[in-house]
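Structure first, then comments.
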Amino acid sequence: MEKRTDQCHMTIDGMNASSMKKIFCSSCGCIVGLDGNLVSVKSKLGKDVECMRCRNARISRDIDSMNEHFEGIPEEACSEF
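Written out as structure tokens, the structure reads:
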């Protein structure tokens, strides 16, 4: 069996400094290093580029909001927490 030399995907340890880009987080304003391909795709789609902390916080808020909506919890009760 012949061994494949090309890689279909890149692992975290396969990333090098040349594939990283320094970006300005649109949410918190910090400067972080992200994969250049990720930054390029997000820019082409017109999406904001965020650091991982802000991205995770936004996703968590979105999930909580969807859960509240679909479980029928009134917004007044949620504001107490």
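Residue numbers (the working numbering): -16 to 64. Even for Gly, the Cβ is constructed at its ideal location relative to N, Cα and C. On a predicted model such as this, the values are computed, not experimentally measured, just so you know.
* Below 8 Å, can you find three or more Cβ-Cβ pairs linking the stretch 35 to 48 to the stretch 7 to 14? -> The stretch 35 to 48 makes contact with the stretch 7 to 14, as at least three CB pairs between them are under 8 Å.
* Straight-line Cα distance separating residue 54 from residue 24 -> Near 34 Å, if we compare the C-alpha coordinates of residue 54 and residue 24.
* Could you give the DSSP three-state label for residue 5: helix, strand or coil? => In the structure shown, residue 5 sits in a strand (DSSP, three-state: E or B).
* To do: Using beta-carbon positions only, say whether residue 22 and residue 34 come within less than 8 Å of one another.
  => No, these two residues do not count as a Cβ contact at 8 Å.
* To do: Decide if residue 6 is buried, meaning its Cβ has at least 16 other Cβ atoms within 10 Å, or exposed.
  => By the C-beta density criterion, residue 6 is buried, having at least 16 other C-beta atoms within 10 angstroms.
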